[in-house]
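Just so we're on the same page, the working numbering is the position in the sequence shown counted from 1, plus 56.
Even glycine gets a Cβ: it sits at the ideal position worked out from N, Cα and C.
Comments concern the structure below.
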Amino acid sequence: MVLFKDHYKKTDLPIHSAKAKKSFSIVNRISRVPVIIVVFLLLLLTWFYLKEHGIHNTGSKSDIHSTILQDMDQYRKLFEVDKQSIDKTEFYDLNLFEGTSTGVTNEEVILMLIPLRNAEDVLPFMFLNMMNMTYPHSLVDVAFLVSDCSSGDSTLATVSDFSLLLQNGTLLTHLQDLEGKYPGCTLPSSFLFKNFMKPGYGESILKAYSPPYHSEFEKPFRTVQIFQKDFGQAVGQGFNDRHDVKVQGIRRKLMGRARNWLLSAALKPYHSWVYWRDADIESSPGSVIQDLMKFRDQGFDVIIPNVWRPLPEFLGNEQPYDLNAWIESDAARELASSLDEDDVIVEGYAEYPTWRVHLAYLRSNEGNPDDIIDLDGVGGVSILARAELFRKGAHFSAFTFENHAETEAFGKMAKKMGFRVGGTPHYTLWHIYEPSVDDLKQMKHYKASENNKQ
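Structure (structure tokens):
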């Protein structure tokens, strides 16, 4: 707040004559008033005071005692009202919710955030993956944001129905019934292309979504919230639409805006960690939260896993998926210096030669899953971050921040704020396979050639 004050120069002050003036104080005035009038006024003021405070007979001790009892009764009633309102008053010591590596032992509450758009087809296995998480469900708050869905899409209705079934313990039975009626409907879309995948792929997927289930599997989560808001996202959800380089800047800024709305609506003072998760993860360890959380012991505030996806055999069986997780390079810094302030560098595209080291390409089947490296940019498929980052102002930039937006900007912002960002090269989550238009053409050609051989 700015206070405005007037400042005067000496020459601005009015000039008075130095001629002495006769003292004429209030005491002089009172001394001229008869004493009896002063006494009368004091008595009159005393009478008004006693009348105002409910004491009408100053000569009776019993009356005074009665008035005091009435006042005490009023205060007692007031105290009882305050006592009833205690349940409506909450106090949080935010020093207690900083996020540690032993969240289960410390009973730290996790906020799991999942943005959704035209996601009705992935919801069955998304919920199965959620149920498979071994972090105590009673310590996990779940929040969905449904936004910019196409006309006729049933994401909002389906996530609402599934959430109700999840919380009353009947979702697994419901999904098993669906699978019985429509085989494959609860499995990732990659399963549809199992005949083009390496041998054993279909069986591995079936095993991942089949019993035996752990003790937390069917337990309800602490809370589930569903938010709906549109942001004007016009880019299609097809593989080619989403990954066209021309739309990346606009698309990612809108995605950043959506993430920030979801975060601001769902984050509570008692949350110690925030876990961002995409809906279309094909498979991940049930212990993913604990597995990432343990790296807090090494000083990391933001931790992400490696993310790959399966491919048909004729395309090489598997492929790095998330190229938004990287280590900054001199070439990228030089590129950024040549761009306009609002331009967004889109990683993984030939149009932006950054020559960065990508987390995805460091993966090795023989590597140690407990390895972790420092990163500058992060992808959004799976992010575990201490809630403290967001309380201190870190966010998913909906504007250009150092020539980046959304999750990549978040990584750079977190580092600039003094937080440590890391990724696990050999601990991997698998994203679903979404064939491109060219992939579908090759599948058609591959299938035709196989038929001709027969």
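Exercise for review: Starting from the C-beta of Arg-476, find all residues in its chain whose C-beta is less than 6 Å away, skip the five residues before and the five after it, and write them out in chain order.
Suggested key: Shown here for Arg-476: same chain residues with a beta carbon closer than 6 Å to its own, the five before and five after excluded, namely Gly-355, Phe-356, Asp-357 in chain order.
Review point. Per DSSP, Ile-401 is paired with what?
Key: Answer is none; Ile-401 lacks a bridge partner.
**Study point:** Rounded separation between Leu-395 and Val-330 - CA only
**Key:** In this structure, the CA atom of Leu-395 is about 33 Å from the CA atom of Val-330.
Check your understanding: What separation, rounded to the nearest whole angstrom, lies between the Cα atoms of Arg-278 and His-193?
Key -> Straight through space, the alpha carbons of His-193 and Arg-278 are spaced by roughly 6 Å.
Review point. So, is His-501 buried or exposed, given that buried needs 16 or more other C-beta atoms within 10 angstroms?
Key: Classified as exposed, His-501 has fewer than 16 neighbouring CB atoms from the shown chains inside 10 Å of its CB.
Review point. How about Ala-387: is its C-beta nearer than 8 Å to some C-beta of chain D?
Key: Among the protein chains of the structure shown there is no chain D, as only one such chain exists.
Check your understanding: Taking DSSP as the reference, what is the three-state secondary structure of Gln-293?
Key -> Confidence at Gln-293 is low in this model, with a pLDDT of 48, below 50, so the placement of that residue should be treated as unreliable; the coordinate-derived value is given next. The answer is coil: DSSP assigns Gln-293 none of H, G, I, E or B.
Check your understanding: What three-state label does DSSP hand His-414 in the structure shown?
Key -> The answer is strand: DSSP assigns His-414 an E or B state.
**Study point:** Rounded C-alpha distance that separates Val-202 from Pro-171
**Key:** Whole-angstrom Cα-Cα distance: 6 Å.
**Study point:** Alpha-carbon to alpha-carbon, Asn-508 and Leu-319
**Key:** Computed Cα separation, rounded: 54 Å.
Check your understanding: How is Val-215 classed by DSSP in three states: helix, strand or coil?
Key -> Looking at Val-215 - three-state DSSP - the assignment turns out to be helix.
Check your understanding: What are the boundary residues of the beta strand (DSSP E) that includes Glu-338?
Key -> Boundaries of the beta strand (DSSP E) around Glu-338: 337 to 339.
**Study point:** Sub-8 Å separation of Ala-213 and Leu-169 beta-carbons
**Key:** Taking C-beta atoms as the reference points, Ala-213 and Leu-169 fail to come closer than 8 Å.
Check your understanding: Nearest CA to the CA of Ser-210: which residue from Phe-183, Tyr-238, Asn-224, Leu-179?
Key -> The residue from Phe-183, Tyr-238, Asn-224, Leu-179 with its alpha-carbon nearest to that of Ser-210 is Leu-179.
Exercise for review: Report back the beta-carbon spacing between Ser-328 and Val-165 to the nearest angstrom; my notes put them in contact at under 8 Å.
Suggested key: Beta-carbon to beta-carbon, Ser-328 and Val-165 are separated by about 6 Å, close enough to satisfy the 8 Å threshold.
Review point. Would you say the stretch 422 to 436 touches the stretch 470 to 484, given that touching needs at least three Cβ pairs under 8 Å?
Key: Short answer: they touch.
Practice item. Report yes or no: do the stretch 441 to 448 and the stretch 334 to 350 share at least 3 C-beta pairs separated by less than 8 Å? Key: Too few Cβ pairs lie closer than 8 Å, so no.
Point to revise | Classification of Leu-152 by the beta-carbon crowding that lies within 10 angstroms, buried from 16 upward | key: Here Leu-152 is exposed. Its C-beta has fewer than 16 other C-beta atoms within 10 Å.
Point to revise | Sufficient close CB pairs (3 or more, under 8 Å) joining the stretch 396 to 415 to the stretch 366 to 380 | key: Contact holds: three or more Cβ-Cβ distances are below 8 Å.
Practice item. Find the nearest neighbour of Asn-39 within the set Ser-393, Glu-407, Glu-490, Lys-263, judged by alpha-carbon distance. Key: Here the chain has residues from 57 to 510 only, and residue 39 is not among them.
Practice item. Assign Val-280 to buried or exposed, taking buried as 16 or more other Cβ atoms, counted over all protein chains shown, within 10 Å of its Cβ. Key: Val-280 should be labelled buried.
Point to revise | Spatial distance of Ala-321 from Ile-282 (CA atoms) | key: Each residue's Cα considered, the two are about 10 Å apart.
Review point. Using CA coordinates, which residue listed in Arg-419, Gln-232, Trp-332 is at the minimum distance from His-451?
Key: Of Arg-419, Gln-232, Trp-332, the smallest CA-CA separation from His-451 is found for Trp-332.
Review point. Fully enclosed by the stretch 191 to 262, which alpha helix (DSSP H) runs are 4 residues long or longer?
Key: Annotation note: the stretch 191 to 262 contains the following uninterrupted alpha helix (DSSP H) runs of length 4 or greater, listed N- to C-terminal: 211 to 223, 227 to 237.
Review point. Could you give the distance in angstroms between the alpha-carbon of Tyr-483 and the alpha-carbon of Phe-351?
Key: So the alpha carbons of these two residues sit roughly 12 Å apart.
Check your understanding: Helix, strand or coil for Tyr-483 per DSSP?
Key -> It is a strand residue.
**Study point:** When Lys-324, Met-189, Phe-249, Gln-284 are compared against Tyr-148, the one with the closest alpha-carbon
**Key:** Nearest of Lys-324, Met-189, Phe-249, Gln-284 to Tyr-148, Cα basis: Lys-324.
Practice item. Would you mind reading off the limits of the beta strand (DSSP E) that contains Phe-283? Key: Bounds of the beta strand (DSSP E) holding Phe-283 are 279 to 284.
Practice item. In angstroms with no decimal places, state the Cα-to-Cα distance between Asp-427 and Ile-360. Key: Approximately 12 Å between the Cα atoms of the pair.
Exercise for review: Return the chain-ordered list of same chain residues with a C-beta closer than 8 Å to the C-beta of Lys-503, the five sequence neighbours on each side being excluded.
Suggested key: None.
**Study point:** Spatial neighbours of Phe-457 in its chain, beta-carbon cut-off 8 Å, leaving aside the 5 residues before and after
**Key:** The residues are Ala-465, Lys-468, Met-469.
Check your understanding: In three-state DSSP terms, what is Phe-475?
Key -> Reduced to three states, the DSSP call for Phe-475 is coil.
Check your understanding: When burial is assigned at 16 or more other CB atoms within 10 Å of the CB, is Leu-371 buried or exposed?
Key -> Leu-371 should be labelled buried.
Exercise for review: Please report the Cβ distance between Lys-511 and Glu-462, rounded to the nearest whole angstrom; I am assuming they are in contact, meaning their Cβ atoms lie under 8 Å.
Suggested key: Nothing in the structure corresponds to residue 511, since the chain is present only between 57 and 510.
Review point. Relative to the alpha-carbon of Ala-388, which residue among Leu-167, Trp-364, Thr-410, Asp-495 has its alpha-carbon at the smallest distance?
Key: Minimum Cα distance to Ala-388 is reached at Thr-410.
Check your understanding: Exposed or buried, what is Thr-242 when buried is set at 16 or more other beta-carbons lying within 10 Å of its beta-carbon?
Key -> So Thr-242 ends up on the buried side.
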